[in-house]
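J.:
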Amino acid sequence: MKPMANKRQGNQTIITEFVLLGFGNLPQLQILLFMLFLVIYIVTMAGNIIIIALVVANQNLHTPIPMYFFLWNLSFLESCYISVTIPKMLVNFVSEERTISFTGCAIQMHFILSLGTAECYLLAAMAYDRYRAICSPLHYPTIMNPRACAKMAIACWLCGILMPMGKVIWIFSLPYCGPNEINHFFCDIHPVLKLACGDTSRSEVFIVLISLIITVIPFLMVLVSYACILYTILKTTSSEGRHKAFSTCSSHLTVVILFYGSACAMYLRPKSSHIADVDRVVALFYTVVTPMLNPMIYSLRNQEVKVALGRLMRRKSFIGWFWWSG
Numbered sequence: 001m002k003p004m005a006n007k008r009q010g011n012q013t014i015i016t017e018f019v020l021l022g023f024g025n026l027p028q029l030q031i032l033l034f035m036l037f038l039v040i041y042i043v044t045m046a047g048n049i050i051i052i053a054l055v056v057a058n059q060n061l062h063t064p065i066p067m068y069f070f071l072w073n074l075s076f077l078e079s080c081y082i083s084v085t086i087p088k089m090l091v092n093f094v095s096e097e098r099t100i101s102f103t104g105c106a107i108q109m110h111f112i113l114s115l116g117t118a119e120c121y122l123l124a125a126m127a128y129d130r131y132r133a134i135c136s137p138l139h140y141p142t143i144m145n146p147r148a149c150a151k152m153a154i155a156c157w158l159c160g161i162l163m164p165m166g167k168v169i170w171i172f173s174l175p176y177c178g179p180n181e182i183n184h185f186f187c188d189i190h191p192v193l194k195l196a197c198g199d200t201s202r203s204e205v206f207i208v209l210i211s212l213i214i215t216v217i218p219f220l221m222v223l224v225s226y227a228c229i230l231y232t233i234l235k236t237t238s239s240e241g242r243h244k245a246f247s248t249c250s251s252h253l254t255v256v257i258l259f260y261g262s263a264c265a266m267y268l269r270p271k272s273s274h275i276a277d278v279d280r281v282v283a284l285f286y287t288v289v290t291p292m293l294n295p296m297i298y299s300l301r302n303q304e305v306k307v308a309l310g311r312l313m314r315r316k317s318f319i320g321w322f323w324w325s326g
């Protein structure tokens, strides 16, 4: 392994790069893990690209514009999300150095937090869309018009870019004077903070507060939306209407539970409960497993998506287009 890269500033050693330990404690499984995560990455990218292609190419999915417009955004976001971590992991599986520069670590952390934040707010926007569709069906086309949907999507992406920025700047403005081994497979908050010199208690309080704002506000929006949806469904006398409403929301609700559950388990726990091996498993779930499952959840539980997928797979032009675009 490469020795610690550093430079001296006065009497203090300053870290210039980190070493991502990842799964280096399993040397006999490196090739197997490489193949496993390569397959996961290919399956995830293919699934999300297919969802994007379905929405773009199939006019039948343009009728309920907001739902599939947000689904397109979610698939694009998940493709970016998994691309921030897995390619570097794959390189580390076949490399002995496993290093990442100080700046590269900050950039990776910012992208992970930004995309995670954007997904929090995008899932809240999708919940609001379902609330309007079920609770205000007559006014739905007017309220959730294309312009309003575009503004909501832009707001979600801006929240993702801007809200974690202060957190990342704060973390990487701390002094790092050694050691430089991050006991994780990417630059996550708590493993990096453990390497900071001096007292980090204020930083941790600040980070928890920002994490609460990022996760709790959109989660409350989701809860309120689904409380109103549940109230409306319970008032519906038709069993067919209830079934249709539940099936409309089931895919989104499943994704919400998976994503918010794992994210809250990671970032809203007290410092004393953070164990490296547990953190790696939880992080794998929301950075790797969830992006892989989302396309499957939406394609297997959504009848319109399944019909559109079958229609497009029967078109030779789609197969040729997909091969060319890849």
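Sequential numbering of the sequence shown, starting at 1, is according to this note's numbering. We treat Cβ as the ideally placed atom computed from N, Cα and C, and that holds for glycine. Note that this is a predicted model, so its numbers are computed, not measured.
For V192, tell me which candidate among I171, L209, L212 and S211 has the shortest Cα-Cα distance.
T.: Measuring from the Cα of V192, the nearest candidate turns out to be I171.
J.: In this structure, how does DSSP classify V94 when only helix, strand and coil are distinguished?
T.: In this structure, V94 counts as coil in the three-state DSSP scheme.
J.: Can you check which of these residues, I207, D129, S136 and I15, is closest to M344 by C-alpha distance?
T.: Any answer about residue 344 is impossible in this case: the structure gives the chain only from 1 up to 326.
J.: For a test of the three-state rule: what should DSSP assign to T99, helix, strand or coil?
T.: Looking at T99 - three-state DSSP - the assignment turns out to be strand.
J.: Which whole-angstrom value is the C-beta distance of F259 and L123, which I expect to be below 8 Å?
T.: At roughly 7 Å, the Cβ-Cβ gap stays under 8 Å, so F259 and L123 are in contact.
J.: How should S95 be labelled, buried or exposed, when 16 other C-beta atoms within 10 angstroms of its C-beta is the threshold for buried?
T.: The residue in question, S95, is exposed, as its Cβ has fewer than 16 Cβ neighbours within 10 Å.
J.: Drop a sphere of 10 angstroms on the beta-carbon of S201, count the other beta-carbons inside from all chains shown, and report buried for 16 or more, exposed for fewer.
T.: Classification of S201: exposed, given that the 10 Å Cβ count is below 16.
J.: Would you identify the three-state DSSP class for F18, choosing helix, strand or coil?
T.: Here F18 sits in strand by DSSP.
J.: Here's the rule: buried if 16 or more other CB atoms are within 10 angstroms of the residue's CB, otherwise exposed. What is L77?
T.: It is buried - the Cβ of L77 has at least 16 other Cβ atoms within 10 Å.
J.: Unbroken alpha helix (DSSP H) runs of length 4 or more, entirely within the region 29-60: which are they?
T.: Qualifying alpha helix (DSSP H) stretches, in chain order: 30-57.
J.: Just the Cα atoms here: how many angstroms apart are C228 and Y176?
T.: So the alpha carbons of these two residues sit roughly 49 Å apart.
J.: With respect to the alpha helix (DSSP H) encompassing P146, which residues constitute its N-terminal and C-terminal limits?
T.: It spans P146 to L162 - the alpha helix (DSSP H) in which P146 sits, taken as one unbroken run.
J.: Assuming G166 is part of the alpha helix (DSSP H), what are its boundary residues?
T.: Run containing G166: M165 to F172, per the alpha helix (DSSP H) assignment.
J.: Tell me which same chain residues have a C-beta within less than 7 Å of the C-beta of N73, skipping the five on either side of it?
T.: The residues are L122 and A153.
J.: Take V256 and list the residues in its own chain whose beta-carbon comes closer than 8 Å to its own, dropping the five residues that flank it on each side.
T.: Hits under 8 Å: L123, A127 and V222.
J.: Quick check: the Cα distance between A133 and Y140, rounded to an integer number of angstroms?
T.: Cα to Cα, the separation comes out at about 6 Å.
J.: Is H243 buried or exposed, if buried means 16 or more other CB atoms sit within 10 Å of its CB?
T.: That one is exposed.
J.: Whole-angstrom Cβ separation of R130 and S239, contact assumed at under 8 Å?
T.: The Cβ separation is near 20 Å, so there is no contact.
J.: From I51 to L158, what does the alpha carbon distance come to, in whole angstroms?
T.: Roughly 23 Å separates the two Cα atoms.
J.: What number of angstroms, rounded off, separates the C-alpha of V288 from the C-alpha of V84?
T.: C-alpha separation (whole angstroms): 10 Å.
J.: May I ask you to list the residues that DSSP assigns as paired with I337?
T.: In the structure as shown, the chain begins at 1 and stops at 326. Residue 337 is therefore absent and cannot be evaluated.
J.: Give the C-beta separation of I182 and L21 to the nearest angstrom, bearing in mind that I take them to be a contact with Cβ-Cβ under 8 Å.
T.: Going by Cβ atoms, the distance from I182 to L21 rounds to 6 Å, so yes, they are a contact pair.
J.: Please look up how many angstroms separate the CB atoms of G215 and G160, rounded, as I've assumed it's under 8 Å.
T.: As written in the sequence, residue 215 is Thr, which differs from the Gly given in the question. Their Cβ separation, rounded to whole angstroms, is 13 Å, which puts T215 and G160 out of contact at 8 Å.
J.: Inspect the beta-carbon positions of C187 and I100 and report whether they are closer than 8 Å.
T.: Going by C-beta atoms, C187 is nearer than 8 Å to I100.
J.: Note the first and the last residue of the continuous alpha helix (DSSP H) segment covering T236.
T.: That residue, T236, is in no alpha helix (DSSP H); it is neither H nor E in DSSP.
J.: Which residues in the same chain have their Cβ closer than 8 Å to the Cβ of L33, if we skip the five residues on either side of it in sequence?
T.: F23, L26 and F93, listed in sequence order.
J.: Can you tell me which of P137, F18 and N48 puts its alpha carbon nearest to the alpha carbon of M296?
T.: Checked all of P137, F18 and N48; the closest Cα to M296 is N48.
J.: Compute the Euclidean distance between the alpha carbons of P137 and K151, then round it to the nearest angstrom.
T.: Their Cα atoms are separated by approximately 21 Å.
J.: When we look at the beta-carbon of L162 and count the other beta-carbons within 10 Å, is it buried (16 or more) or exposed?
T.: Under this definition L162 is an exposed residue.
J.: Express the C-alpha separation of H184 and L38 in angstroms, rounding to a whole number.
T.: C-alpha separation (whole angstroms): 18 Å.
J.: Check whether the Cβ atoms of Y81 and L54 sit closer than 8 Å, and answer yes or no.
T.: No, the pair does not count as a contact, with Cβ atoms beyond the cut-off.
J.: Would you report the Cα separation of C135 and V56, rounded to the nearest angstrom?
T.: Approximately 27 Å, taken between the alpha carbons.
J.: Identify which residue in Q28, F18, L36 and A125 has its Cα closest to the Cα of L220.
T.: When only C-alpha atoms are compared, the closest one is A125.
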